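Notes for the one structure printed next.
Right, here's the structure in full:
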């Protein structure tokens, strides 16, 4: 569960030479700070104008800190713990959590346009627990909304690592065990690495550090993602500078906590923020449904590698009564594509999308390919849903080229046929996936006297303990568009043999786009 953390203040004043680079020049200056989380005091209005409140429509998630006109810094685990976070918002200029006090200065709410995470983030250990939220519109600074300072000079890291006192701020649990309505702050001290390791049973490497006090002052549930900071001199101006992010800690909140070391992630922060200032004109992709690329919110992770995409928002399960009979893929707001062989033409079918049976759609009509006879050729069907699907973080269509654009279709076909491209087979019964390769169609199933034509694909089968495919299991291809990493649909599992490592035959969906276009 996400921990809420409070802001800690340090009066350690460090002089940094004028050559120091700050992410934002107009940063870290507020009304004079007064020295109050567990053991903390009220932070005071206008004292932390960089404090950010991260929410969904009706749920407080975490704290964060404004670092420039477009970005908020927070902890990655805040974003990753719950897959139901569909649209995040950031509210700035907040002092009262419930925002009911007439004394509150005006606050402003911004939609989150994109979330950036590190490949190396580990949710179990909270290693590299850092995230950047890009706002949909730029922030205009005012007395109650200002950025905190981020020091970009990595050569100053030994200097910042030597700092022993910090301040933390947040709306997390206090001595009473309840979340605070007023923003709280507390001063804490750095804890040596060996003590941290002994308490939490894992190494506190250079990417994180521990902090707390001997008298039980600590951050707690509700403070996660908030800043840990000190005050430093830059060109004769004392500025609040963030050095940590509230990450994790003990359940009773009276020990000490673990904080992400901001200075260990400066390259990541600078790269993401500076790249956002460069307008990149992406090549246009003519798609069957552009919704497959997403809307640029939570699912556009700044990731790559084998765990780049960990869910299949387009995967459909087709049921007859309470029995699942095949897999399929959502291709538009009204259509699911699947194999034809197990699909009855009678009514009573339903398609389940996303996670959980709350996203179940009745099938209005079944359209099997007119030339489908058996499990051999043209084993494909379109299921028209009884109502339109509302796209979200957990449900969106898979990418297919426009059925009317032959040039775009050729690009998708070429990408799918490229030996250097990994095709991904989706498993039956579990949401697992394995990289697979195309086999030689001219030799595939010759012993069965089964001819494989261009409307079909012969795919090498992985080890049975790694993956089992069944009727309609999708065969997909990774598709990158800017920072968005999605999938395009290549095939649907049609038939195969029980013998281990025997190849599987898939219906080539890209060869049926003209038929799909006529119905869709």
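In this note's numbering, the protein residues as written are 51 to 570.
Idealized CB from N, CA, C, for every residue including glycine.
In this text, all values refer to a predicted model and were calculated from it rather than measured experimentally.
Exercise for the section: With distances taken Cα to Cα, identify the nearest neighbour of residue 311 among 447, 181 and 398. Expected result: 181
Problem - Spatial neighbours of residue 322 in its chain, beta-carbon cut-off 6 Å, leaving aside the 5 residues before and after - result: 166 and 182
Handout entry: Contained beta strand (DSSP E) runs [length at least 3] in the region 500-566, N- to C-terminal order
Key = 506-509, 524-531, 534-546 and 554-558
Problem - Delimiting residues of the alpha helix (DSSP H) encompassing residue 8 - result: Outside the shown range of the chain, which is 51 to 570, sits residue 8, and nothing can be said about it.
Exercise for the section: Assign residue 176 to one of two classes, buried (16 or more other C-beta atoms within 10 Å of its C-beta) or exposed (fewer than that). Expected result: Buried: at least 16 other Cβ atoms inside 10 Å.
Exercise for the section: Assign residue 273 to one of three DSSP states: helix, strand, or coil. Expected result: coil
Handout entry: Proximal residues to residue 240 (C-beta, below 8 Å), its chain only, five neighbours per side dropped
Key = 213, 214, 215, 216, 259, 260 and 261
Practice task
Quick one: using the 10 Å Cβ neighbour count with 16 as the cut-off for buried, is residue 355 buried or exposed?
Solution key: Only weak support exists for where residue 355 lies, its pLDDT of 34 falling under 50; the coordinates are left without a value.
Problem - Within 8 Å, strictly: CB atoms of residue 233 and residue 374 - result: No. Outside cutoff.
Practice task
Only counting runs of 3 or more residues, tell me where the beta strand (DSSP E) segments fall wholly within the region 180-232, in order along the chain.
Solution key: 181-185 and 215-220
Problem - Alpha carbon of residue 273 to alpha carbon of residue 219, nearest angstrom - result: 7 Å
Practice task
Reducing DSSP to helix, strand and coil, say where residue 467 ends up.
Solution key: helix
Handout entry: Inter-residue Cα distance where the pair is residue 467 and residue 559
Key = 13 Å
Practice task
Answer yes or no: do residue 116 and residue 190 have a C-beta to C-beta separation smaller than 8 Å?
Solution key: no
Practice task
Out of 529, 489, 569 and 503, state which residue places its alpha-carbon closest to the alpha-carbon of residue 512.
Solution key: 489
Problem - Check whether residue 453 and residue 563 have beta carbons under 8 Å apart - result: Note that the C-beta distance between residue 453 and residue 563 is below 8 Å.
Exercise for the section: Can you tell me which of the three DSSP states residue 419 falls into? Expected result: coil
Problem - Assigned exposure category for residue 458 - 16 Cβ within 10 Å defines buried - result: Burial state of residue 458 is buried, judged by a 10 Å Cβ sphere holding 16 or more other Cβ atoms.
Handout entry: 8 Å contact criterion, which residue 378 and residue 386 should meet: CB distance rounded
Key = Cβ atoms of residue 378 and residue 386 come within 8 Å of each other, at about 5 Å.
Handout entry: Close beta carbons around residue 412, own chain, < 6 Å, minus the five adjacent residues each side
Key = 400 and 436
Problem - C-beta atoms of residue 451 and residue 293 nearer than 8 Å - result: no
Exercise for the section: Just mark residue 363 as buried or exposed, buried being the case when its beta carbon has 16 or more other beta carbons within 10 Å. Expected result: So residue 363 ends up on the buried side.
Practice task
State buried or exposed for residue 552, treating a residue as buried only when at least 16 other CB atoms are found within 10 Å of its CB.
Solution key: exposed
Handout entry: Option in 528, 108 and 242 with minimal Cα separation from residue 308
Key = Out of 528, 108 and 242, 242 has the C-alpha closest to the C-alpha of residue 308.
Problem - N- and C-terminal bounds of the alpha helix (DSSP H) containing residue 571 - result: Residue numbering for the chain in the displayed model covers 51 to 570; residue 571 lies beyond these limits and cannot be assessed.
Practice task
Output yes or no for whether 8 Å exceeds the beta carbon distance between residue 291 and residue 199.
Solution key: yes
Problem - Residue of 145, 80, 555 and 192 minimising C-alpha distance to residue 429 - result: 555
Handout entry: Of the residues 276, 141, 206 and 505, the one placed nearest residue 389, counting alpha carbons only
Key = 505
Exercise for the section: State the DSSP-derived secondary structure class of residue 171, mapped to helix, strand or coil. Expected result: coil
Exercise for the section: Kindly indicate the opening and closing residues of the beta strand (DSSP E) around residue 381. Expected result: No beta strand (DSSP E) holds residue 381; DSSP gives it neither H nor E.
Practice task
Identify the continuous beta strand (DSSP E) that holds residue 338 and give its terminal residues.
Solution key: Run containing residue 338: none; DSSP gives neither H nor E here.
Exercise for the section: Please classify residue 237: is it buried, with 16 or more other beta-carbons within 10 angstroms of its beta-carbon, or exposed? Expected result: buried
Practice task
With a cut-off of 8 Å on the beta carbons, I'd call residue 518 and residue 565 a contact; round off their distance for me.
Solution key: In fact, because the Cβ distance is near 29 Å, the residues do not count as touching under 8 Å.
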